[in-house]
Amino acid sequence: MLALAGRYGYDGDELYFIMAGRHLDWGYADQPPGVPLLALLADTLTPGTLRVLRLPAILATATGIVLAALPARVFGGNGGRRG
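Heads up, the sequence shown is in our numbering, so the first residue is -10 and it goes up one at a time.
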């Protein structure tokens, strides 16, 4: 995901998060304040770099995959192989 994160332009939500980060508040109707804060941090450190902006979402996705796979392994999941 990280390798291809810069191949297409901004999504509307990403632009919204950056703008919300420039006008920080304790909370928004549709998200906690941490999301705009991360977007502001990414856009301040590396303006216009989509890979850095998308890095928190990529890391959260990878973490979710690993955390979902751990119980399957503990309970004897074998990846669909028989035997």
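Cβ coordinates follow ideal geometry from the N, Cα and C atoms, glycine included. None of the values given here were measured: they were computed from a predicted structure.
message: Please list the terminal residues of the continuous alpha helix (DSSP H) segment that includes PHE64.
response: Premise fails: PHE64 is in no alpha helix (DSSP H) and is neither H nor E.
- prompt: Quick one: Cα of PRO22 to Cα of ILE7, how far?
  reply: Answer to the nearest angstrom: the Cα atoms are 12 Å apart.
- prompt: Can you give the Cα-Cα distance for ASP19 and LEU4, rounded to whole angstroms?
  reply: If you draw a straight line from the Cα of ASP19 to the Cα of LEU4, it comes to about 15 Å.
Contact check, MET74 vs ILE47, beta carbons under 8 Å: The structure shown does not extend to residue 74, since the chain is modelled only from -10 through 72, so no value can be given for it.
query: Taking just the CA atoms, how far does LEU13 sit from LEU42?
result: Approximately 17 Å between the Cα atoms of the pair.
query: Which word fits GLY10, buried or exposed, when buried means at least 16 other C-beta atoms lie within 10 angstroms of its C-beta?
result: Classification for GLY10: buried.
query: Between the beta-carbon of LEU26 and the beta-carbon of PRO45, is there less than 8 Å?
result: No, Cβ-Cβ distance for LEU26 and PRO45 is not below 8 Å.
field: Pairwise C-alpha distance: TYR17 and GLY65
entry: Going from the Cα of GLY65 to the Cα of TYR17 covers about 42 Å.
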